[in-house]
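For what it's worth, my numbering labels the leading residue of the sequence shown as 7, then goes sequentially. Read the structure below first, then the notes.
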Amino acid sequence: LNLFKKYIKYYRKIHNTKRLKNKKLYYSSKITINSFKLAQDSINLGFVPNKTFKTVFPSINKELYPHFIRGYFDGDGSICKNNVKTGTWNSNFTGYKDIILSIKKILIK
């Protein structure tokens with residue numbers, strides 16, 4: 007974040023937080039950028055505001071399903087160790103009902 011701040015000439019502070027969850031300490035850092043111009047330029051370049059709840063499954067060839075799902079997971083998915091004793095893992099997708107059900111259908115096949 008420090009390099010990014012320097013690159014964009016951002017002089018506000020980095021917000022660091024830490025929290026305890028399930029006896030583990032988690033840290034996060036963020037900067038907040040408020041810019042109407044940056045937001046509008048991003049939209050003009052194809053960014054979709056609140057995309058998680060607006061995305062629908064695209065009409066693509068079946069051969070591309072694995073690539074699309076992998077990319078979607080990269081943007082709106084997560085994976086974590088569910089149980090240390092049994093070694094099980096949990097993964098999930100976040101998104102609009104239509105796209106989640108479409109992905110579920112493909113994964114079941």
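Backbone N, C-alpha and C fix where the C-beta goes; we use that ideal spot for every residue, glycine too. Small disclaimer: the values here were computed from a predicted structure and weren't measured.
Subject >> Cβ-based neighbour list, D82, same chain, cut-off 7 Å, excluding 5 preceding and 5 following >> reply: For the purposes of this step, residue 82 is taken as the residue at position 76 of the sequence shown. Only T58, F99, T100 and G101 meet the Cβ criterion.
**OP:** Could you check which residue in K15, N28 and Y16 has the C-alpha nearest to that of V90?
**Re:** Within the sequence shown, residue 90 is the residue found at index 84, counting from 1. The residue with the shortest Cα to Cα distance from V90 is N28.
**OP:** Name, in chain order, the residues that DSSP records as bridge partners for K21.
**Re:** If you number the sequence shown from 1, residue 21 lands on position 15. Reading off the sequence, residue 21 comes out as His, not Lys. H21 pairs with K36.
Original post:
Straight-line CA distance for D104 to K60?
Top reply: Within the sequence shown, numbered from 1, the residue matching residue 104 stands at position 98. Within the sequence shown, numbered from 1, the residue matching residue 60 stands at position 54. Using only the alpha carbons, I get a separation of about 9 Å.
Original post:
What are the boundary residues of the beta strand (DSSP E) that includes I85?
Top reply: Numbered from its first residue, the sequence shown carries residue 85 at position 79. Residues G83 to N89.
Subject >> Stretch pair the segment 63 to 83 + the segment 27 to 44: three plus CB contacts closer than 8 Å >> reply: no
**OP:** Closer than 8 Å by C-beta to P64: which residues in its own chain qualify, once you throw out the five before and the five after it? Chain order, please.
**Re:** Mapped onto the sequence shown, residue 64 falls at position 58. Taken in chain order, the residues that qualify are F74.
Subject >> Backbone CA spacing between Y6 and L26 [nearest angstrom] >> reply: Outside the modelled stretch of the chain, which goes from 7 to 115, sits residue 6, for which no answer is possible.
Subject >> C-beta atoms of I39 and Y16 nearer than 8 Å >> reply: One-based indexing of the sequence shown puts residue 39 at position 33. One-based indexing of the sequence shown puts residue 16 at position 10. Yes, these two residues count as a Cβ contact at 8 Å.
Subject >> Every unbroken alpha helix (DSSP H) inside the segment 42 to 71 [4 residues or more] >> reply: 42 to 50
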